[in-house]
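A.B. asks: Residue numbers (the UniProt record's numbering): 1 to 752.
In this text, a Cβ means the ideal position worked out from N, Cα and C, and glycines have one as well.
Here's a structure for you.
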Amino acid sequence: MTDPVAHSPISAPQAPGKSVEANWSVEIIAPPGLETALAEELRHLTNKPISDRPFGASADLPVEAVYRILADSLIAGRVYLPIARGRAAQADELYALADSVDWAAHLRASDSLSISATGGNESLRHTGFIATRVKDAIVDQFRAATGTRPDVDSDDPGLRIHCHVTGNGEASLAIELSNGSLHRRGYRAEGGEAPLRENLAAGLLWRARWPQVASLGGGLFDPMCGSGTFLTEAALALWGLPDALRRQRLGSPAWRGHAAAARAAILDDAPRGWLETPPPRGSLAIVGQDHDPLQLAAAHANIEAAGLGEAIELIHADSFRAPTPAAFQGIDTGLLISNVPFGQRIDSTHSEAEWTALCSRWVQALPGWYWGILRATESELTWPLRFEKRLMVLHGGVEVEFLRGQFSEKSLRRASGPHALAGRLIEQGRRGDYDASDFANRLRKNWKQRKPLLKQRDNALRVYDADLPDFKLAVDWYRTEDDETWLDIQEYQAPKQIDPQKARARLAAAVAVAVDTLEIDPGCVVVRQRARQSGRQQYGRMGGEHIERILRERDTRLLINLTDYLDVGLFIDHRLVRDRLAELSRGKRLLNLFCYTASASVRAAVAGAKATTSVDLSNTYLDWAERNFELNGISTNGDHRLLRADVLRWLQHTPTAAERVDVIFLDPPSFSNSKSMDDTLDIQRDHPELIHACMAHLAPGGVLVFSNNRKGFTLNPSIESRFQIDDISRKTLPKDFARTPERRFVCEIRRR
């Protein structure tokens, strides 16, 4: 019937009427990346040699040990007992291999079966076809011998058969001893966001040293627990699976090779966890925390379904703001483990700086504890803690990384960027003895004067502007849409003759005083240091802390970035200019040149501008501008356009009558030598040419709003003689910038 050389049936462990085999050679499937963890767990459960394999583990085991794995392993996926191997490069060879097995030794014609398949080769490409050919061989064999055949039952089969075909034309057939995948525990009513497979969570707990930690009486903390998989699996690892579930995990009940006595002995035995002596329930602190009440509700339901309600504590709190749970006070060893929303797999609004601050708190609160973090590999953010082990695993079909380490002062990377700098300066300032009382008094006085502006819905204010010669700082105050209050402190670089250590101590004292005087959360402060730029240096990207917030200016939502650039993306001294532009542009067409993040265009569009065109040379700022429009539900594909161009060159084209606009906002830099421009720009020298070019783009009755921040700027007499000039510098100067009127010039220009 078949070629005995090509096909090698493996003797059945138990044929009808024969004694049980002493050992079974089994293959156990692991979650990808956790093959070593599986082998270690199985050695613990069976006290037998287990070999690591690319798919998981294999072993020649007493039948009792196999049933122990089926009943109690938390990491195993499926358990197979191979019964035949051979060539299967073609469909006929696969059929012949399946036909070489004496299937009557494994099931009766009256039993049901199901067949699964994996792999494939050039001829056998589809697993469904592979399973069908194996099924054909089995039923044909039974029909030829008995005149009847087993039925196929995919839901509750009496015998599960698995076929794996390799790319080089080999195949294996196996009895599946597990009842489907063993990751199913039966407790998950709610999956939550990006739920972990249960055996993946168990394998990561093993690699994160949970058995060792628990044996020492340590605690377990999941600060972003989601639906509670880590928590539940950690508890099951201590006290074992429920008895009913252990019985349900054994598959192929109609298989004629089962060792009934050994199976009954294992199932009647107590569940076996990862500790030789399980601790009393509730004796270890296992705590989960999440900011989302829906996720916590799912976790509560899952934990109760697993019968572990008394063993696990759940807390509704945001880990970025809440202290470490009190349950861990006095516990000097433990494991913090979490599937964190760090990166793109689950959207996270938190920046690298915020993660750094959180990890720093963990280091302080849980010294000596072990930690394990599952996170997306595609994240551009650097994990703040140094790790000792990096493990790649599959989560939801996506490769992710599991980082493992131990909390200590040395494990925290030194963060860079304005937010991290602020944290270090606050700490230094509070430790130091530099006298910043004059600065504190001036800041207190300024804040008292600025507070009435809050009633005018001003959510961005300058509360200090280098008022005192010893404290050359600008301090900007922001209130975000989410009602957070942030300080943006900008230091003007001290002259070279000033002792750097003294300058640093003075800055640290000022930052600490600002936080305390204005009652700001220390985690809501950034510090940037401005230096004079020369040559071809340009203000560019500063770092990757990426703290973004949404600010409301009048009825408009605008995005600010507090960390990545020298400016936040919104010139707050221009807010009254934007008010004026919104008023002028209502029902009209606006052209915004050197538009930056296009906040003026967005304000105008929200106020009812008929159309806006915003021109800038920077892709970064145009992308930012598009996000500002999107925040307000305005498309940039219609009447409101964004255009990347060199403004100087773009203005040279002669507009048609239809292209002319009613309002132009010209707010150029004082000086620019961007490598993307054809020439340098000096606003004192070049403003006549710019203004003349802009006026050519104005429709009859139109107005040009011209602004610049060059200190000592004077308008060329040729412009004053040719056009009607209305200086609105004072009129558009916010009260919080009244100290420095000479820094800005704003005027409206019309044809005479």
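Alpha carbon to alpha carbon, how far is H316 from P418?
C.D. replies: Translated into positions along the sequence shown, residue 316 becomes position 316. Translated into positions along the sequence shown, residue 418 becomes position 418. If you take the alpha carbons of H316 and P418, they lie about 31 Å apart.
A.B. asks: If you count every other CB in all the chains shown that lies within 10 Å of the CB of E481, and 16 or more means buried, which is it?
C.D. replies: Taking the first residue of the sequence shown as position 1, residue 481 is located at position 481. With fewer than 16 other Cβ atoms within 10 Å, it is exposed.
A.B. asks: Could you say if the stretch 482-494 and the stretch 512-520 meet the contact criterion of at least three C-beta pairs nearer than 8 Å?
C.D. replies: Segment contact: the stretch 482-494 against the stretch 512-520, three or more CB-CB distances shorter than 8 Å; contact assigned.
A.B. asks: Given this structure, state the Cα-to-Cα distance separating L196 from P367, to the nearest angstrom.
C.D. replies: Residue mapping note: residue 196 aligns to position 196 of the sequence shown, counting from 1. Residue mapping note: residue 367 aligns to position 367 of the sequence shown, counting from 1. For L196 and P367, the distance between alpha carbons rounds to 27 Å.
A.B. asks: According to the Cβ coordinates, are S181 and N199 closer than 9 Å?
C.D. replies: The residue labelled residue 181 in the question sits at position 181 within the sequence shown. The residue labelled residue 199 in the question sits at position 199 within the sequence shown. Taking 9 Å as the Cβ cut-off, S181 and N199 qualify as a contacting pair.
A.B. asks: Can the beta-carbon of V115 be found less than 9 Å from the beta-carbon of V134?
C.D. replies: Residue 115 sits at position 115 when you count from the first residue of the sequence shown. Residue 134 sits at position 134 when you count from the first residue of the sequence shown. Note that residue 115 is Ile in the sequence shown here, rather than Val. V134 is positioned such that its CB atom lies closer than 9 Å to that of I115.
A.B. asks: Is the stretch 243-256 touching the stretch 206-217 in the sense that three or more CB pairs, one from each, lie closer than 8 Å?
C.D. replies: no
A.B. asks: Between the Cα of S351 and those of E742, A365 and F320, spot the shortest distance and give me the residue it belongs to.
C.D. replies: Working through the sequence shown from its first residue, we reach residue 351 at position 351. It is F320.
A.B. asks: Runs of 3 residues minimum, wholly inside the stretch 404-476: which ones carry the beta strand (DSSP E) assignment?
C.D. replies: 460-465
A.B. asks: When you compare the stretch 729-743 with the stretch 570-577, are there three or more beta-carbon pairs, one atom per stretch, that lie closer than 8 Å?
C.D. replies: Touching, yes.
A.B. asks: From V526 to N592, what does the alpha carbon distance come to, in whole angstroms?
C.D. replies: By 1-based counting over the sequence shown, the position of residue 526 is 526. By 1-based counting over the sequence shown, the position of residue 592 is 592. The straight-line gap from Cα to Cα measures roughly 30 Å.
A.B. asks: With distances taken Cα to Cα, identify the nearest neighbour of A436 among D470, L113 and R462.
C.D. replies: Sequence index remark: in the sequence shown, residue 436 carries index 436 (1-based). Looking at the Cα atoms, D470 is the closest of the given residues.
A.B. asks: At which residue ranges does the stretch 302-353 contain complete beta strand (DSSP E) runs of 3 or more residues, listed in the order of the chain?
C.D. replies: 313-316 and 334-339
A.B. asks: Take the Cβ of H162 as the centre, count every other Cβ of all protein chains shown within 10 Å, and call the residue buried at 16 or more, exposed below.
C.D. replies: Looking up residue 162 in the sequence shown gives position 162. Its Cβ being crowded by 16 or more others within 10 Å, H162 is buried.
A.B. asks: Excluding five sequence neighbours on each side, which residues of the same chain lie with their C-beta closer than 7 Å to the C-beta of S110?
C.D. replies: Position 110 of the sequence shown, counted from the first residue, corresponds to residue 110. None.
A.B. asks: Whose C-beta lies closer than 7 Å to the C-beta of G432 among residues of the same chain, with five residues either side of it excluded?
C.D. replies: One-based indexing of the sequence shown puts residue 432 at position 432. Excluding residues up to 5 positions away in sequence, A505, A508 and A509 lie with their Cβ nearer than 7 Å to the Cβ of G432 in the same chain.
A.B. asks: Any contact of the stretch 223-236 with the stretch 292-299, i.e. 3+ C-beta pairs under 8 Å?
C.D. replies: yes
A.B. asks: Rounded to whole angstroms, what's the CA-CA distance from N47 to P323? Just pull it up for me.
C.D. replies: In the sequence shown, counting from the first residue as 1, residue 47 sits at position 47. In the sequence shown, counting from the first residue as 1, residue 323 sits at position 323. Roughly 42 Å between the two C-alpha positions.
A.B. asks: Expressed to the nearest angstrom, what Euclidean distance is found between the alpha-carbon atoms of D727 and Y565?
C.D. replies: The residue you call residue 727 lines up with position 727 of the sequence shown. The residue you call residue 565 lines up with position 565 of the sequence shown. One C-alpha to the other measures close to 31 Å.
A.B. asks: Assuming L391 and F402 are in contact, meaning their beta carbons sit under 8 Å apart, how far apart are those beta carbons, in whole angstroms?
C.D. replies: Mapped onto the sequence shown, residue 391 falls at position 391. Mapped onto the sequence shown, residue 402 falls at position 402. At roughly 4 Å, the Cβ-Cβ gap stays under 8 Å, so L391 and F402 are in contact.
A.B. asks: Which same chain residues end up closer than 8 Å to R739 when comparing Cβ atoms and leaving out the 5 residues on each side of it in sequence?
C.D. replies: Indexing the sequence shown from 1 puts residue 739 at position 739. Excluding sequence neighbours, R739 sits near D465 and D467.
A.B. asks: Where does V568 fall in DSSP's three states?
C.D. replies: In the sequence shown, counting from the first residue as 1, residue 568 sits at position 568. The answer is coil: DSSP assigns V568 none of H, G, I, E or B.
A.B. asks: Let me check understanding here. Comparing Cα to Cα, which of V152, E122 and N121 lies closest to T132?
C.D. replies: Here residue 132 is taken as the residue at index 132 of the sequence shown, counted from 1. When only C-alpha atoms are compared, the closest one is V152.
A.B. asks: Please confirm whether I719 and H687 have their CB atoms less than 9 Å apart.
C.D. replies: The count along the sequence shown starts at 1 and reaches residue 719 at position 719. The count along the sequence shown starts at 1 and reaches residue 687 at position 687. Contact: yes.
A.B. asks: Roughly how many whole angstroms lie between the Cα atoms of L314 and W239?
C.D. replies: Locating residue 314 in the sequence shown gives position 314, where the first residue counts as 1. Locating residue 239 in the sequence shown gives position 239, where the first residue counts as 1. Roughly 19 Å between the two C-alpha positions.
A.B. asks: Should the stretch 444-462 be called in touch with the stretch 492-506, which here means at least 3 C-beta pairs below 8 Å?
C.D. replies: no
A.B. asks: Classify M224 as helix, strand or coil using the three-state DSSP reduction.
C.D. replies: The sequence position of residue 224 within the sequence shown is 224, counting from 1. M224: coil per DSSP, three-state reduction.
A.B. asks: Q364: buried (16+ other C-beta within 10 angstroms of its C-beta) or exposed?
C.D. replies: The sequence position of residue 364 within the sequence shown is 364, counting from 1. Q364 comes out exposed.
A.B. asks: How big is the Cα-Cα spacing for G638 and F745?
C.D. replies: Within the sequence shown, the letter at position 638 stands for residue 638. Within the sequence shown, the letter at position 745 stands for residue 745. Rounded to whole angstroms, G638 to F745 spans 33 Å at the Cα level.
A.B. asks: What number of angstroms, rounded off, separates the C-alpha of A237 from the C-alpha of G423?
C.D. replies: Along the sequence shown, read from residue 1 onward, the residue named residue 237 stands at position 237. Along the sequence shown, read from residue 1 onward, the residue named residue 423 stands at position 423. The straight-line gap from Cα to Cα measures roughly 40 Å.
A.B. asks: Consult DSSP for G17 and reduce its assignment to one of helix, strand or coil.
C.D. replies: In the sequence shown, counting from the first residue as 1, residue 17 sits at position 17. With a pLDDT of only 36 at G17, under the threshold of 50, the placement of this residue in the model should not be trusted, and no figure is reported.
A.B. asks: Apart from the five residues just before and just after R149, which ones in its own chain have a Cβ nearer than 7 Å to its Cβ?
C.D. replies: Here the question's residue 149 lines up with position 149 in the sequence shown. Once the five neighbours on either side are set aside, the close Cβ partners of R149 are A109, V139, F142 and R143.
A.B. asks: When the Cα of P157 is compared with those of L177, T680, L704 and L454, which residue comes out closest?
C.D. replies: As a position in the sequence shown, residue 157 is number 157, starting the count at 1. Residue L177 is the option with its Cα nearest to P157.
A.B. asks: So what's N708 in DSSP terms, helix, strand or just coil?
C.D. replies: The count along the sequence shown starts at 1 and reaches residue 708 at position 708. Collapsing the DSSP output to three states places N708 in a strand.
A.B. asks: Quick one: measure Cβ to Cβ for E41 and R53, integer angstroms, because I've assumed they're closer than 8 Å.
C.D. replies: Indexing the sequence shown from 1 puts residue 41 at position 41. Indexing the sequence shown from 1 puts residue 53 at position 53. That pair is no contact at about 14 Å.
A.B. asks: Suppose contacts are defined by Cβ-Cβ distances below 9 Å. Is E310 in contact with G282 by that definition?
C.D. replies: Indexing the sequence shown from 1 puts residue 310 at position 310. Indexing the sequence shown from 1 puts residue 282 at position 282. Yes; because the gap between Cβ atoms is below 9 Å, this pair is in contact.
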